[in-house]
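Novice: What follows is a structure written as structure tokens; I'll ask about it next.
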Amino acid sequence: MISQEAILERVMQFIGQLVPSETPLGPNTDLLQDLGLDSVKMMDLVMELEDEFDISIPINILMDVRTPEHLADTIVTLMEKQKYGAL
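Structure (structure tokens):
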């Protein structure tokens, strides 16, 4: 399985495509307050991540996701659940 660090790197790459290039982006950057990602951009991000990692990300989970690191953690959890059939 892909490492959590690699997942975080990919998450940050996808987020980086949604914000201006000069925008500071780190693992603990707040997606809403610091980056101003609106619901449309978040849905674009979710669709990209679902395709990238071959998972389904429930929309209700996004209410609690605030940072790229938290999003990467969520993806790892979803991938593990899918791998072990616990969905």
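When we follow this note's numbering, the leftmost residue of the sequence shown carries the number 172, and every step to the right adds one. Yeah, the Cβ is synthetic: ideal placement off N, Cα and C, and Gly gets one too. These numbers come from a predicted model, not from an experiment.
Give me the Cβ distance between residue 198 and residue 240, rounded to the nearest whole Å; I'm assuming they're in contact under 8 Å.
Specialist: 4 Å
Novice: Quick check on DSSP: helix, strand or coil for residue 201?
Specialist: Three-state result, residue 201: coil.
Novice: Straight-line CA distance for residue 174 to residue 234?
Specialist: 24 Å
Novice: Between which two residues does the alpha helix (DSSP H) harbouring residue 215 extend?
Specialist: 210-224
Novice: Are the beta-carbon atoms of residue 196 and residue 202 separated by less than 7 Å?
Specialist: no
Novice: Could you pull out every residue in the same chain whose Cβ sits closer than 8 Å to the Cβ of residue 238, ignoring the five residues on either side in sequence?
Specialist: 198, 199, 200, 201, 202
Novice: Could you spell out where the alpha helix (DSSP H) holding residue 245 opens and where it closes?
Specialist: 239-254
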